[in-house]
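Residues in the sequence shown are numbered from 1 upward in steps of one, following our numbering.
Cβ atoms here follow ideal geometry from the backbone N, Cα and C, with glycine treated the same way.
Quick caveat: nothing in here was measured; it's all calculated off a predicted structure.
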Amino acid sequence: MQAFKPTSFIVGLTGGIGSGKTVCSDHFDALGVPVIDTDIIAREIVEPGQPALQQLVDAFGRSILNQDQTLDRSALRKIAFASAEAKLKLDQITHPAIYDLTISKVSEVTFPYCVLVIPLLNSDSAYLDFLRRVLVVTAARETKIERVKKRSKLSRDEVVRIMETQLSDGDRLKIADDIIENDASLAEAQQQVEVLHKKYLELGLQD
Ligand code: ATP
């Protein structure tokens, strides 16, 4: 990993499954704010021709590739989640690549601030070293379950199982500087984004 000293004001946006991260980050985007999403970067680093894809093939074999040489995500998931050792290997390959590409993208920002979406941000995360603010999107547990069920057709149990692998809102709030409580309408979530946008513009311009 590169040592990184940011020149731009970077706001980390996180929250649990179904909390409304995308709703909020889409609104920052609509306001003209650069939004960088580590989930998208995680897909980019394993595109054909990328070094991380070759490293994964070296580590796990060619069975993780589709016929067209793209990554077969479900094959990789099966192998990598079969043991703690394999999961560690997966993380050792993908995490530094995601971090480095993230840094290269945030380094190109010319706007007074940018929003970096990091769904799995936690208190040990290397990203915390350079984030200037952490924005946590929250919603009541039942609201999140209902939203995800509606969006994905997952069962309640499947949603709950995913939630249990993630940080609790209580733990997320320990690293929060700002909070969007997304329990009401979309318009109300967007209004909270607009209030924060003004604040971040001021902070970023002062920086
Ligand atoms: P994930 O981590 O699962 O991708 P997320 O945190 O990005 O979720 P969104 O995709 O923004 O969450 O929201 C989940 C679903 O809930 C979406 O279908 C979205 O349209 C809906 N939703 C989010 N907030 C609201 C709201 N305030 N009112 C109504 N629907 C909402």
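Quick one: is residue i buried, meaning 16 or more other Cβ sit within 10 Å of its Cβ, or exposed?
{"i": "G12", "result": "buried"}
{"i": "S153", "result": "Looking at the sequence provided, one finds Lys at residue 153 rather than Ser. The residue is exposed, with fewer than 16 neighbouring Cβ atoms inside 10 Å."}
{"i": "N182", "result": "buried"}
{"i": "A52", "result": "buried"}
{"i": "L167", "result": "buried"}
{"i": "R133", "result": "buried"}
{"i": "D39", "result": "exposed"}
{"i": "D157", "result": "exposed"}
{"i": "D169", "result": "buried"}
{"i": "T165", "result": "exposed"}
{"i": "K144", "result": "buried"}
{"i": "L121", "result": "buried"}
{"i": "G49", "result": "exposed"}
Please name the residue in the options whose C-alpha comes closest to that of residue i.
{"i": "L128", "options": "A42, Y99, Q67", "result": "Y99"}
{"i": "L90", "options": "L101, R77, T102", "result": "R77"}
{"i": "V33", "options": "F60, S8, D178, G16", "result": "S8"}
{"i": "A184", "options": "E142, L201, D124", "result": "E142"}
{"i": "V106", "options": "D37, I180, D29, I179", "result": "D37"}
{"i": "Q206", "options": "A126, V160, F111", "result": "F111"}
{"i": "Y200", "options": "G16, L31, G15", "result": "L31"}
{"i": "I162", "options": "R73, D58, V109, P119", "result": "P119"}
{"i": "D26", "options": "L121, D169, V115, F130", "result": "V115"}
{"i": "Y113", "options": "I41, V57, G204, G16", "result": "G204"}
Can you name the start and end residues of the alpha helix (DSSP H) that residue i belongs to?
{"i": "V106", "result": "84-107"}
{"i": "I64", "result": "First-last for I64: undefined, no H or E at that position."}
{"i": "V33", "result": "Where V33 is concerned, there is no enclosing alpha helix (DSSP H), given that its DSSP letter is neither H nor E."}
{"i": "I79", "result": "73-80"}
{"i": "I208", "result": "Only positions 1 to 207 of the chain appear in this structure, which leaves residue 208 out of reach."}
{"i": "V148", "result": "141-152"}
{"i": "G170", "result": "169-174"}
Taking the beta strand (DSSP E) that residue i falls in, what are its first and last residues?
{"i": "G204", "result": "Run containing G204: none in the beta strand (DSSP E); it sits in the alpha helix (DSSP H), 186-206."}
{"i": "V136", "result": "133-138"}
{"i": "L13", "result": "9-15"}
{"i": "K181", "result": "Note on identity: in this sequence residue 181 is Glu, with Lys being the wrong assignment. It spans 178-181 - the beta strand (DSSP E) in which E181 sits, taken as one unbroken run."}
{"i": "V117", "result": "113-117"}
Closest Cβ-Cβ distance between residue i and chain C: below 9 angstroms?
{"i": "R156", "result": "In summary, chain C is missing from the structure at hand, where a single protein chain is found."}
Touch check for the stretch 75-87 and the stretch 172-181: three-plus C-beta pairs under 8 angstroms? Note that the stretch 75-87 does not touch the stretch 172-181; fewer than 3 beta-carbon pairs, one per stretch, sit closer than 8 angstroms.
With a cut-off of 8 angstroms, do at least 3 Cβ pairs link the stretch 54-67 to the stretch 148-165? no
Is there contact here, the stretch 88-103 with the stretch 31-49, by at least three beta-carbon pairs under 8 angstroms? In this structure the stretch 88-103 lies against the stretch 31-49, because at least three pairs of beta carbons, one per stretch, are closer than 8 angstroms.
Closer than 8 angstroms is the cut-off here; do at least three beta carbon pairs connect the stretch 101-119 with the stretch 178-192? no
Please confirm if the stretch 10-28 is in contact with the stretch 135-142, defined as three or more CB-CB distances below 8 angstroms between the two stretches. yes
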